[in-house]
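**Q** Line by line, the protein sequences give chains A and B. Here my numbering runs 32 ahead of the position in the first sequence, where the first position is 1. Here my numbering runs 7 ahead of the position in the second sequence, where the first position is 1. Each residue gets a CB set at the ideal place from its N, CA and C atoms; glycine is no exception. Take this structure, written in structure tokens, and hold onto it; I'll ask about it next.
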Amino acid sequence: MLSLSPDASSTAAARKLATPVPWGSTGATDAAVWGLCAGSGKSPYVTVVDLTGPAYSCSCPSRKFPCKHALALLVLWSQGQVAAAVEPAEFARTWLAGRAARAARPATSAAAEPVDEAAAARRVTARADRVAAGVADLQRWLRDQVTHGLAGADRAGYRHFEPVAGRLVDAQAPGLADTVRTLPAAAASGEGWPARLLEELALLHLLTTAHARLDELPDGLAAVVRRRIGFPTRAADVLATPAHRDTWAVLSVHDSSQDRLSVRRVHLHGTTSARDVAVVSFAAAGQPLDASLMAGTTLDADVHTYPGDPFRALVGQRHGEPARLTAPPAGVTLRDAARRWADALTADPWAAAIPVVLGPALVGVDGHGAFWVQDDTGRLPVPLGVQPWTALAVAGGRPVVLAVDYGAAGATPRAVLAGEELVAL
Amino acid sequence: MTVRDDLATAALLGTQRAALERAALTGVTGDVVHALPEQDASDTLLAAAAVLAVARRATPPAAPAATLCEPAPVEDRDAAGPRAAARAAQLLSDPDPVGPDLLLEWLTLLDQRRLRVPAALLGPVLTYAAATPRQDVAGAVVAVIGERGRWLASQHPGWQLVVTAHTPADLDLTGDVRDDPRWSHGTADERTHWWSTLRAVDPALARQVLAETWSTLKAEEKVSFLHAIAGDVTVADEDVLQLASTDRAASVRRTAAGVLTLLPESAFARECAARALATVRLERRLLREHLTVTLPTPRDSDPFAPAPPGVGPGAHLLTELVAATPLTAWTDQLRQDPRTLVGLALDAKAPELVVGWVRAAFTQRDPSWALALLDAATPDQWAPARAGLIALVPPGDRHRLVERGLQAAGRGKPALDASALALLTAVPGPWAPELTETVATSIAGATDRARGWAVRELAGLLAIRSRPDAAAEATLRRAAAASPDAAPALNRAADLVHLRRLTIEELS
């Protein structure tokens with residue numbers, strides 16, 4: 033969003049304003065975002081952004097374009113903190129209507145809108161066709177792999193896979209391209225690699241098969257397949273799903289980087305519903321990540337889950353200020369967590385991990401630095417290479433509650449709760 | 008062979024060579040595949056593999072088979088508060104060269120307040136302790152990790168090493184200590200560590216245990232035991248040192264000689280003294296005392312290291328003998344005070360004597376000789392070597408010596424050079440306010456070319472050695488205001504002094 037900024041000082045100023053605090057009467061449709069921002073003066077600034085342009089209008093005296101208010105509003109909107117509305121607010125309608133009228137004029141009156149819609153539909157169809165071609169191409173390639181045999185793939189390196197990934201990027205299927213780029217690692221994973229590589233190829237093949245039958249799939253699964261292929265999910269579509277209002281505890285904020293992108297994964301736990309969701313946000317490398325959710329706080333807010341994926345969510349309307357998290361949430365047993373994970377795979381067979389609160393559970397480590405968690409219902413490893421020494425230190429051999437990412441390789445602790453203390457890992 | 012293996016083998020060979028029998032697929036995989044319409048062999052294989060893949064992903068993987076550790080013992084100290092912990096976390100990642108010193112101060116304060124590192128910070132501090140070349144910092148870490156830290160380290164081999172190295176071994180003196188497996192079967196490091204602990208508890212028993220096994224030890228083991236003895240050598244250790252000084256291995260002989268020089272009461276020191284004194288004669292000519300030196304003759308049995316290049320064997324031997332000679336022998340025998348003797352040796356152009364005395368003053372920690380040697384107008388090239396003696400002289404004399412050192416470097420006006428830096432490095436903290444003032448002023452006033460690096464080094468010293476109070480900070484800021492060139496370094500030093508103040512406040 034901030035790439036629209038005219039200069040660095042506007043970016044910084046916008047970032048400061050990109051919190052719900054100074055804003056009021058915000059709202060958004062597919063075409064516009066608006067809000068009133070309290071400034072130093074008596075009356076608030078009226079800020080409206082036409083998303084189709086984008087074009088900006090603000091009653092502030094700034095000569096910068098767009099001004100910090102418009103930028104901040106866009107940032108808020110991109111973070112899902114602007115509630116969806118059917119109609120623009122009164123103060124936004126005049127300007128938007130004026131713009132619409134101007135846009136319509138060159139295209140000779142009433143015929144303008146249908147033409148635009150047709151063009152948009154053509155673009156959507158064109159993209160769908162390109163993706164379909166790319167998916168079909170991938171399916172052929174997958175078939176070829178097992179027809180001619182995988183022998184030698186372990187020594188082929190990334191050159192064997194990169195052209196395939198490149199074609200998928202061209203076909204606007206970035207999700208598939210990313211998955212193909214993980215294949216060299218599976219191929220070079222040592223003893224037993226053919227089974228691991230075949231597994232990855234088979235899951236990709238399942239995705240291509242599912243895509244071919246997209247129209248026959250239930251809505252939720254279709255949405256999952258489209259997302260795995262790489263169709264972007266619009267925040268507006270997520271925010272249009274029913275809201276889950278709760279006092280959400282922010283249990284962990286975990287950052288990682290992949291492919292020149294910073295990824296932030298926030299674990300929210302509903303203190304009443306006991307529902308766990310992950311809010312994932314991205315930023316270009318070097319750009320700040322969304323800092324609106326702080327570990328160790330609670331927030332009364334509406335949370336909207338992604339279509340087809342009950343574990344990934346966006347925060348919608350907030351109903352209050354964040355407060356300090358005082359009571360640690362109760363966890364579930366390992367057996368229940370395993371059941372939840374199986375359910376998650378039923379909804380999305382390609383899922384990587386789901387957020388779970390485990391506990392009370394014990395953390396252990398063997399002589400080679402391999403960790404595990406256990407309770408009365410079972411034992412589960414921590415994925416190889418993940419070494420939560422701090423979780424072990426905080427637990428001290430006594431049962432604790434752990435916020436984890438639960439996946440096929442085991443549970444990765446992200447935060448440990450001992451007594452009132454929440455320690456991020 | 009499992010179905011998964013069968014599928015992997017078929018995929019490895021390729022379905023065009025190894026056809027996949029649909030009928031051979033059983034269980035869930037079979038159910039799913041048979042429900043699909045008849046299709047290409049590769050599609051069938053991939054579909055079957057996908058079913059298995061999802062099933063495997065849904066099955067919890069096997070955990071390591073190890074058993075859980077007993078819970079950590081209850082702590083007898085409180086944990087440092089959150090602000091202090093946040094400060095330590097910041098210091099742990101401070102890339103500043105004085106970062107380790109700041110951390111050391113934090114750790115030492117924590118220990119003095121009888122506090123411990125909070126559990127959430129144990130991983131980072133132990134990682135730091137295991138990696139740092141600063142053994143003083145590692146030791147300070149181990150002192151404050153508490154029960155939880157020791158419990159945690161016992162499960163991490165790298166951390167256990169550093170904890171063991173800085174913790175006295177736990178001795179059971181009820182039975183025969185020789186049966187302790189750490190002594191009978193331990194590695195060289197474990198044995199030395201165990202033995203040092205025994206030596207601290209029961210020195211006589213330790214000596215006896217070592218004497219029994221001495222002849223069976225390898226040269227490098229003997230050397231490490233000698234190093235262990237050097238820390239607190241007494242006359243009672245003379246026997247083993249004497250034995251070692253005639254060892255077959257030159258490394259053992261030299262180490263033993265080095266340790267023996269720490270022992271002025273030993274027969275070795277007496278012999279060295281006799282030989283050293285025999286080289287010197289005091290004569291009275293033209294109403295003045297004169298010192299004449301005859302270089303001694305090396306013997307095959309001398310346990311000293313060979314002479315460095317460019318130094319004659321006699322001159323080298325004299326230095327070694329003087330270094331091992333009790334300093335009182337000179338004043339007693341020649342009936343002159345240290346100051347006069349140093350003057351006479353310089354007049355006689357006998358640097359071997361002066362260098363030997365510097366080393367002897369170090370090991371025998373003699374303030375009057377230290378002062379005499381520092382006060383003497385020795386040639387510049389010796390300055391760095393004797394600078395360390397400043398730690399031995401009374402605080403009142405230190406400031407005078409530093410001022411003179413700075414004057415000398417600037418030929419009249421204060422300046423910085425290597426010897427001034429060496430002198431200041433050796434002045435232990437906390438510095439008196441006047442010393443901070445003098446050093447800050449000389450940094451601000453210095454104009455010579457060597458200033459760049461010397462300023463950075465000295466500013467680091469100022470940051471660490473000044474008293475962590477508002478007065479020192481103000482002194483540094485004043486000096487910074489006086490010199491735009493040195494301002495960044497001096498302001499940084501002032502910031503660090505401020506940081507130290509905060510650190511101390513957070514812990515009180």
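#1: Specify the secondary structure class of B:Leu497 as computed by DSSP and reduced to three states.
#2: Identify the contact partners of B:Gln23 in chain A, using a Cβ-Cβ distance below 7 Å as the criterion.
#3: Count the other CB atoms, across all protein chains shown, that sit within 10 Å of the CB of A:Pro387; report buried if there are 16 or more and exposed otherwise.
#4: Unbroken alpha helix (DSSP H) runs of length 4 or more, entirely within the region 217-300 of chain A: which are they?
#5: Here's a check: name, in chain order, each residue in its chain whose Cβ is nearer than 7 Å to the Cβ of B:Arg372, leaving out the five neighbours to either side.
#6: Which value, in whole angstroms, describes the spacing of the CA atoms of B:Asp354 and B:Pro140?
#7: Shortest alpha-carbon distance to B:Lys229 belongs to which of B:Asp186, B:Gly238, B:Leu248, B:Ala211?
#8: Could you name the residues of chain A that B:Gln119 contacts, counting a contact when the two beta carbons are closer than 9 Å?
#9: So the candidates are B:His163, B:Trp202, B:Arg157; which of them puts its Cα closest to the Cα of B:Asp179?
#10: Please report whether the beta-carbon of B:Val61 lies at a distance below 8 Å from any beta-carbon of chain A.
#11: Quick one: what does DSSP say A:Thr140 is sitting in, helix, strand or coil?
#12: Does the region 284-295 of chain A come into contact with the region 317-335 of chain A, if we say contact requires no fewer than three beta-carbon pairs (one atom in each stretch) closer than 8 Å?
#13: Identify whether B:Asp118 lies in helix, strand or coil by the three-state DSSP scheme.
#14: Where does A:Thr84 fall in DSSP's three states?
#15: Spatial neighbours of A:Arg213 within its chain, please: C-beta separation below 6 Å, excluding the five flanking residues on both sides.
#16: If you drop the 5 nearest sequence neighbours on each side, which residues of the same chain put their C-beta closer than 6 Å to that of A:His301?
#17: Based on DSSP bridge pairs, tell me the residues matched to A:Gln465.
#18: List the residues that DSSP assigns as beta-bridge partners of A:Phe314.
#19: So, with DSSP's three-state summary, where would you put B:Thr301?
#20: Check distances from the C-beta atoms of the region 162-190 of chain B to those of chain A and list, in chain order, the residues that come in under 8 Å.
#21: Once you ignore the five residues that flank B:Ser473 on each side, which residues in its own chain have a CB closer than 6 Å to its CB?
#22: I need the straight-line Cα distance from A:Gly166 to B:Val124, nearest angstrom please.
#23: Near B:Ala280, what residues of its chain come up, given a Cβ to Cβ distance below 7 Å and the 5 sequence neighbours on each side ignored?
#24: For the candidate residues B:Ala276, B:Pro310, B:Pro271, B:Glu272, whose alpha-carbon lies nearest to that of B:Arg260?
#25: Below 7 Å CB to CB, which residues in the same chain sit around A:Ala220 once its five sequence neighbours on both sides are set aside?
#26: Pull up the DSSP beta-bridge partners for B:Trp364, would you.
#27: Whole angstroms is fine: what's the gap from A:Ser91's alpha carbon to A:Cys99's?
#28: Would you list, in sequence order, the uninterrupted alpha helix (DSSP H) runs of no fewer than 4 residues that lie entirely inside the region 37-120 of chain B?
#29: On the three-pair Cβ rule with 8 Å, is the region 256-272 of chain A touching the region 336-346 of chain A?
#30: From this set, B:Leu483, B:Ile471, B:Pro435, B:Glu464, which residue's C-alpha is nearest B:Thr448's C-alpha?
#31: Nearest by alpha-carbon distance to A:Val405: which of A:Thr444, A:Ala385, A:Phe97 is it?
#32: Using only CA atoms, which one of B:Asp83, B:Arg63, B:Leu128, B:Pro104 lies nearest to B:Arg94?
#33: For a cutoff of 8 Å on Cβ pairs, would you count A:Ala144 as touching chain B?
#34: May I ask you to report which of helix, strand or coil DSSP gives A:Gly189?
#35: Can you tell me whether A:Gly442 is buried or exposed? The criterion is at least 16 other CB atoms within 10 Å of its CB, across all chains shown.
**A** Taking the definition as stated:
#1: The residue you call residue 497 of chain B lines up with position 490 of the second sequence. Note: B:Leu497 maps to helix in three-state DSSP.
#2: On the second sequence, position 16 is the one that residue 23 of chain B refers to. For B:Gln23, the residues of chain A that pass the 7 Å Cβ criterion are Thr179, His180, in the order they occur in the chain.
#3: Position 355 of the first sequence, counted from the start, is the residue given in the question as residue 387 of chain A. Buried, because 16 or more other Cβ atoms sit within 10 Å of the Cβ of A:Pro387.
#4: If you keep only unbroken alpha helix (DSSP H) runs of at least 4 residues inside the region 217-300 of chain A, you get 225-244, 251-261, 267-271.
#5: Counted from its first residue, the second sequence places residue 372 of chain B at position 365. Spatial neighbours of B:Arg372 in its own chain (CB-CB distance under 7 Å, excluding positions within 5 residues in sequence) are listed in chain order as Leu399.
#6: Taking the second sequence and counting its residues from 1, the one referred to as residue 354 of chain B is at position 347. Taking the second sequence and counting its residues from 1, the one referred to as residue 140 of chain B is at position 133. B:Asp354 and B:Pro140: Cα-Cα distance of roughly 43 Å.
#7: Taking the first residue of the second sequence as 1, we reach residue 229 of chain B at position 222. Cα-wise, what sits closest to B:Lys229 is B:Leu248.
#8: Residue numbering aside, residue 119 of chain B sits at position 112 when the second sequence is read from its first letter. Close to B:Gln119, with beta-carbon spacing below 9 Å, lies no residue of chain A; the smallest spacing is near 23 Å.
#9: Counting from one through the second sequence, the residue named residue 179 of chain B turns up at place 172. When C-alpha distances from B:Asp179 are compared across B:His163, B:Trp202, B:Arg157, the shortest belongs to B:Trp202.
#10: Mapped onto the second sequence, residue 61 of chain B falls at position 54. At a cut-off of 8 Å between beta carbons, B:Val61 contacts chain A.
#11: Here residue 140 of chain A is taken as the residue at index 108 of the first sequence, counted from 1. Only weak support is given to the placement of A:Thr140: the predicted model assigns it a pLDDT of 47, under 50, and the question is left unresolved by the model.
#12: As far as the Cβ criterion goes, the region 284-295 of chain A touches the region 317-335 of chain A, which means the pair count is three or higher.
#13: If you number the second sequence from 1, residue 118 of chain B lands on position 111. Looking at B:Asp118 - three-state DSSP - the assignment turns out to be helix.
#14: Within the first sequence, the letter at position 52 stands for residue 84 of chain A. Coil.
#15: Locating residue 213 of chain A in the first sequence gives position 181, where the first residue counts as 1. These residues qualify, in order along the chain: Ala197.
#16: Taking the first sequence and counting its residues from 1, the one referred to as residue 301 of chain A is at position 269. Excluding residues within five positions, the ones whose Cβ falls inside 6 Å are Ala281, Leu283, Asp308, Pro361, Val389.
#17: Within the shown structure, residues of chain A are numbered from 33 to 457, placing residue 465 of chain A beyond reach of any answer.
#18: Start at 1 with the first residue of the first sequence, and residue 314 of chain A comes out as number 282. According to DSSP, which records beta bridges pairwise, A:Phe314 is partnered with A:Val295.
#19: Counting from 1 along the second sequence, the entry for residue 301 of chain B is found at position 294. Three-state result, B:Thr301: coil.
#20: Hits within the stretch, in order: Gln162, His163, Pro164.
#21: The sequence position of residue 473 of chain B within the second sequence is 466, counting from 1. Here the set comprises Trp438, Thr443, Ala479, Val504.
#22: Residue 166 of chain A sits at position 134 when you count from the first residue of the first sequence. Residue 124 of chain B sits at position 117 when you count from the first residue of the second sequence. Note on geometry: alpha-carbon atoms of A:Gly166 and B:Val124 lie some 56 Å from one another.
#23: As a first step, residue 280 of chain B is located in the second sequence; it is residue number 273 there, counting from the start. Correct list, in chain order: Thr332, Pro333, Ala336.
#24: In the second sequence, counting from the first residue as 1, residue 260 of chain B sits at position 253. Closest option to B:Arg260, Cα to Cα, is B:Pro310.
#25: Locating residue 220 of chain A in the first sequence gives position 188, where the first residue counts as 1. Asp186, listed in sequence order.
#26: Taking the second sequence and counting its residues from 1, one reaches residue 364 of chain B at position 357. Secondary-structure assignment with DSSP links B:Trp364 through no beta bridge to anything.
#27: Translated into the one-based positions of the first sequence, residue 91 of chain A becomes position 59. Translated into the one-based positions of the first sequence, residue 99 of chain A becomes position 67. Distance between the alpha carbons of A:Ser91 and A:Cys99: 10 Å.
#28: If we require 4 residues or more, the alpha helix (DSSP H) runs fully inside the region 37-120 of chain B come out as 48-65, 89-99, 106-119.
#29: Three or more beta-carbon pairs separated by less than 8 Å link the region 256-272 of chain A to the region 336-346 of chain A, which places the two stretches in contact.
#30: As a working mapping, residue 448 of chain B is identified with position 441 in the second sequence. Selected option, being the one with the closest Cα: B:Leu483.
#31: For this step, residue 405 of chain A is matched to residue 373 along the first sequence. If we check each option's Cα against that of A:Val405, A:Thr444 comes out closest.
#32: Looking up residue 94 of chain B in the second sequence gives position 87. Ranking the options by Cα distance to B:Arg94, first place goes to B:Leu128.
#33: Numbered from 1 along the first sequence, position 112 holds the residue referred to as residue 144 of chain A. No answer about A:Ala144 holds up, because its pLDDT of 44 lies below 50 and its placement is not dependable.
#34: Indexing the first sequence from 1 puts residue 189 of chain A at position 157. Coil at A:Gly189, not helix or strand.
#35: Residue 442 of chain A sits at position 410 when you count from the first residue of the first sequence. Burial is judged here by how many other beta carbons sit within 10 angstroms of a residue's own beta carbon; A:Gly442 has at least 16 and is buried.
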